[in-house]
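Using my numbering, the first residue of the sequence shown is number 1038, and each one after it goes up by one.
Idealized CB from N, CA, C, for every residue including glycine.
Reading through the structure tokens given below for one structure.
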Amino acid sequence: MEKEFRKSTVFQVSLLGTGHFFSDFYANFLPALLPVVMIKLGLSLTLSGMLVMAYSVLSSVLQPVSGYIIDKYGYSWLILVTTPVSAIFICLAGLADSKLVLFLLVGLAGLGSSIFHPLAASLMGKVVTAETKGTAMSVFVFGGNAGFAIAPAVIMYCLTVWGTASLLWLIIPGIIFTAASYFAGLHKVDISPAVRLEQNTAAAVAAAPWHKSRDLLLLNVVTALRSWMQVALLTFLPLLLVRAGQPSAVAATMVTVLLLGAAGGSLVGGWVGDRIGRKAGVIGSMALCLPVTYLFLIDISPSPMSYLLLAVSGALLQSTAPTSVVWAQELIPGNAAMASGMMLGLAFGLGGVGAAITGALGDRIGLEAALMWSLLSLAAAAVLAVAISEPGRKQAERVAEQSL
């Protein structure tokens, strides 16, 4: 019986990781699709920027709201809807014959993504034991990173070889995942409020409500500051390399190395957090990332050492992601989906705001200097993380006090 349970758990964890792969695969359609629809529909740069902003708000910033609704009503059946919605509408976007239809299709695709992330992360916490949550979340985050990374190459190949109509074939993987989720029974996993309170009685007693949780607020700030450096490096590294006289191929290669490093870091970060603790895992990763990223930025010219430093930097930056998600879930166990949405969507979106500050600073003092100064975001994140309570310890203390 135990062996069968383990097999079922491994399958469900793998399935949720695969679902995140496809969700983020569809989420990264827009950058490759945008040049095509700009020409086809005559979009201005302003409208193009508004389209990207609309998708970002609906797919990322809205995640905590989606998570709150999922926590309140326990709609686990939505796992059968989210991926097909994202797949169908973003693949149809390339065939849109008007600007209004384009915005509508992209918006609906973003809405599917905003529901999937907090829901799937909450389900992940229900199908594994407390001791392996970080490891399972690493599989989940790794799947999303991998899907996000390969999407532009796949889409550009389809567009170049077969045209926009060929994107409709890419709906099929999303449908297959949904069918697998149905047969695996993911839509039957009970995440209703009553079940969460029953399973987390001590934690629920100890934890403050989400809107009064100082620790949760601090963790959001820490994640946003960490995301600042990650988004800034990913956004401005190609431009910095081209301005330094490097060919575009080198810039593309370095971005690939950064993304591969991040994927590797996400795969092991949660496992480390399970073993040394969430707090130590997050602080340690950011503390190590500071000197590594600094050494890379000193000399970005392509060399084996610079590629190695960049890969390690990407790994350390992203290794905190699965641990942060589980940490947030443990801080507010009664709102696990909302906590997941904050870590996976809102905080990362706020990191993009920080990257915009880096860009503005780059206009004044130069991009290389601006990236150097942006390292302060990592230092601030590590310092703030020290002030966040370790969930298990704080909960045990509060329960003990109330029992006296």
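Check your understanding: So residue 1116 and residue 1277 are in contact, right, with Cβ under 8 Å, and what is the actual spacing, rounded?
Key -> Not quite, the Cβ-Cβ distance comes to about 40 Å (not below 8 Å), so this is no contact.
Check your understanding: What is the DSSP secondary structure of residue 1049, reduced to helix, strand or coil?
Key -> helix
Review point. For residue 1172, is the classification buried or exposed, using 16 other Cβ atoms within 10 angstroms of its Cβ as the cut-off for buried?
Key: buried
**Study point:** Secondary structure, beta strand (DSSP E): runs of 3+ residues fully inside the stretch 1338-1368
**Key:** none
**Study point:** Element boundaries [alpha helix (DSSP H), containing residue 1265]
**Key:** That run of the alpha helix (DSSP H) goes 1251-1280.
Check your understanding: Straight-line CA distance for residue 1126 to residue 1268?
Key -> 26 Å
Check your understanding: Looking at C-beta atoms only, is the number of pairs between the stretch 1329-1346 and the stretch 1059-1078 that lie closer than 8 Å three or more?
Key -> Using a Cβ-Cβ distance cut-off of 8 Å, the stretch 1329-1346 and the stretch 1059-1078 are not in contact, since fewer than three pairs of beta carbons, one from each stretch, lie closer than that value.
Point to revise | Buried or exposed (CB count within 10 angstroms, at least 16 for buried), residue 1442 | key: This structure leaves residue 1442 out entirely; the chain is present only between 1038 and 1441.
**Study point:** Which of helix, strand or coil DSSP assigns to residue 1388
**Key:** helix
Practice item. Along the alpha helix (DSSP H) that carries residue 1410, what are the first and last residues, could you check? Key: 1404-1411
Review point. So what's residue 1108 in DSSP terms, helix, strand or just coil?
Key: helix
Check your understanding: Taking the Cβ atom as the reference point for each residue, do residue 1121 and residue 1215 lie within a distance shorter than 8 Å?
Key -> yes
Exercise for review: Express the C-alpha separation of residue 1132 and residue 1401 in angstroms, rounding to a whole number.
Suggested key: Answer to the nearest angstrom: the Cα atoms are 41 Å apart.
Check your understanding: To which residues of the same chain is residue 1071 closer than 7 Å at the C-beta, ignoring the five residues directly before and after it?
Key -> 1085
Check your understanding: From 1307, 1177, 1383, pick the residue whose C-alpha is nearest to that of residue 1094; which is it?
Key -> Nearest of 1307, 1177, 1383 to residue 1094, Cα basis: 1383.
Review point. Based on Cα-Cα distance, which residue from 1200, 1355, 1104 lies nearest to residue 1262?
Key: 1355
Review point. Nearest to residue 1338 by alpha carbon, out of 1364, 1286, 1281?
Key: 1281
Exercise for review: Please say whether residue 1049 and residue 1378 have beta carbons closer to each other than 8 Å?
Suggested key: no
Check your understanding: Of the choices 1398, 1053, 1405, whose alpha-carbon is the least far from that of residue 1211?
Key -> 1053
Check your understanding: So, are the CB atoms of residue 1149 and residue 1169 less than 8 Å apart?
Key -> no
Review point. So, are the CB atoms of residue 1300 and residue 1186 less than 8 Å apart?
Key: yes
Check your understanding: Grouping DSSP H, G and I as helix and E and B as strand, with all else coil, what is residue 1283?
Key -> coil
Check your understanding: Would residue 1307 pass as a contact of residue 1322 if the rule is Cβ separation under 8 Å?
Key -> no
Review point. Does DSSP classify residue 1336 as helix, strand or coil?
Key: coil
**Study point:** Simplified DSSP assignment, three categories, for residue 1427
**Key:** coil
Review point. Closest by CA to residue 1055, which one among 1272, 1390, 1147, 1177?
Key: The shortest CA-to-CA distance from residue 1055 to any of 1272, 1390, 1147, 1177 is the one to 1177.
Review point. Between the C-alpha atoms of residue 1372 and residue 1103, what's the straight-line distance to the nearest angstrom?
Key: If you draw a straight line from the Cα of residue 1372 to the Cα of residue 1103, it comes to about 11 Å.
Review point. Does any C-beta atom of chain D lie closer than 8 Å to the C-beta of residue 1052?
Key: Absent from the structure is chain D; it holds one protein chain and no more.
Point to revise | Alpha-carbon to alpha-carbon, residue 1252 and residue 1424 | key: 8 Å
**Study point:** Spatially closest choice to residue 1352 from 1365, 1294, 1404, by CA coordinates
**Key:** 1294
Practice item. Tell whether a beta-carbon distance below 8 Å holds between residue 1375 and residue 1108. Key: yes
Practice item. Pick out whichever of 1135, 1389, 1151 has its Cα sitting closest to the Cα of residue 1260. Key: When only C-alpha atoms are compared, the closest one is 1389.
**Study point:** Cα-Cα separation, residue 1316 to residue 1162
**Key:** 18 Å
Practice item. Report back the beta-carbon spacing between residue 1228 and residue 1113 to the nearest angstrom; my notes put them in contact at under 8 Å. Key: 5 Å between Cβ atoms; contact.
Review point. Could you give the distance in angstroms between the alpha-carbon of residue 1195 and the alpha-carbon of residue 1204?
Key: 7 Å
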